[in-house]
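Trainee: The structure's right below; bear with me while I get my questions together.
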Amino acid sequence: MAIVYIASPYKALAVRESQRKAQAISIATQECLKIMRECEGFTPVSPILQFSYLDEEKHREIALKMGLDLLKASDYIYMSTHEDAKYSQGMQEELALAKKLGIKELTLDLPL
């Protein structure tokens, strides 16, 4: 099975701060389900889902580091198609690192 790192927006979401985490989890879940539905033999992993138990204020730096560790262990990166994704600096940094590491970008022409 190929591991697909799901890059999806968090800070770039245009929502109230109190709604940010729940919205980010919802988007990441939808993106993972999309990969499961459309890409047989691919296993989606999302740092937002994987580390949702961490407190944003207390654990942000460690969560970012662990997310990059997940990316480094992945075969592909998939960039969320959510409308706020285009504003995400974090997603762009993840894509740049993936390209530097030779991790292929998986693309799908499907709505979220």
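End of the sequence shown = 960 in our numbering, gap-free, step of one. We put the CB at the ideal spot given by N, CA and C, even for glycine.
1) Below 8 Å, can you find three or more Cβ-Cβ pairs linking the segment 857-874 to the segment 930-939?
2) Per the contact definition of three or more C-beta pairs closer than 8 Å, is the segment 911-927 in contact with the segment 864-876?
3) Which residue wins for smallest C-alpha separation from C887, given the options L902, I951 and A850?
4) Can you name, in chain order, every residue of its own chain whose Cβ lies under 8 Å from the Cβ of F899, other than the five neighbours on each side?
5) Would you list the residues sitting across from V863 in a DSSP beta bridge?
6) If we count the other Cβ atoms within 10 Å of its Cβ and call it buried at 16 or more, is M884 buried or exposed?
7) If we count the other Cβ atoms within 10 Å of its Cβ and call it buried at 16 or more, is Y901 buried or exposed?
8) Comparing alpha-carbon positions, which option in Q940, Y926, A862 and E953 lies nearest E879?
9) What's the C-alpha gap between V852 and F890?
Mentor: This is what the structure holds:
1) Yes, they touch.
2) no
3) A850
4) Taking F899 as the centre and dropping the five residues before and after it, the same chain places the C-beta of H907, A911, M914 and G915 closer than 8 Å to its C-beta, in chain order.
5) Looking at the DSSP assignment, V863 forms no beta bridge with any residue, so it has no partner.
6) exposed
7) exposed
8) If you compare the alpha carbons of Q940, Y926, A862 and E953 with that of E879, the shortest gap goes to Y926.
9) V852 and F890 have their C-alpha atoms spaced approximately 7 Å apart.
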